[in-house]
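J.:
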Amino acid sequence: MNELQFSEYLETDYIKRNNFSLTHAAILLEMPVDKVKYLARINLIKEVPTPKKKHLYSGASISVFLAQYECLERWASIHDLCLDKLYKEALLQGIEPVIRPFVFEKNTALDNLLAESHERQWHQPEQLSLVM
Numbered sequence: 004m005n006e007l008q009f010s011e012y013l014e015t016d017y018i019k020r021n022n023f024s025l026t027h028a029a030i031l032l033e034m035p036v037d038k039v040k041y042l043a044r045i046n047l048i049k050e051v052p053t054p055k056k057k058h059l060y061s062g063a064s065i066s067v068f069l070a071q072y073e074c075l076e077r078w079a080s081i082h083d084l085c086l087d088k089l090y091k092e093a094l095l096q097g098i099e100p101v102i103r104p105f106v107f108e109k110n111t112a113l114d115n116l117l118a119e120s121h122e123r124q125w126h127q128p129e130q131l132s133l134v135m
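In our numbering, each number is its position in the sequence shown, counted from 1, plus 3.
#1: So what does DSSP say about residue 51, is it helix, strand or coil?
#2: Going by the beta-carbon positions, is the gap between residue 107 and residue 76 smaller than 8 Å?
#3: At the level of alpha carbons, what is the spacing between residue 113 and residue 98?
#4: Just mark residue 95 as buried or exposed, buried being the case when its beta carbon has 16 or more other beta carbons within 10 Å.
#5: So residue 119 is in the alpha helix (DSSP H); what residue range does that whole segment cover?
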């Protein structure tokens, strides 16, 4: 199994078959825990009832969310691109977020923007260390 196949397995089969704690859901979605809780409150992901009042989220619902929506924070982080430039360009092209500021419904216009972003050299600026 190569890296691409393993990555695809993790993003589909593994996620669908498991439930995840709040911390793990935040890691999978690459967003803060308060945003994960918000997604559950508005029913974009499903919270699984637990006896000890812990937050547990359905992997199947997380998988559906990842298939239908794109979080620009997550996408920019994965591809090491500048989030601000990506977000501003989305708004300039009339691509409005479903949940402000960074959750967008996947569509052709967004897919094209994300594909073009690599060509536009929107990579994160490198942090230079100061020598003293």
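Quick reminder that beta carbons are idealized off the backbone N, C-alpha and C, glycines included.
T.: Per the coordinate set shown:
#1: Residue state for residue 51 is assigned as strand, using DSSP reduced to three classes.
#2: no
#3: Straight through space, the alpha carbons of residue 98 and residue 113 are spaced by roughly 7 Å.
#4: exposed
#5: 111 to 120
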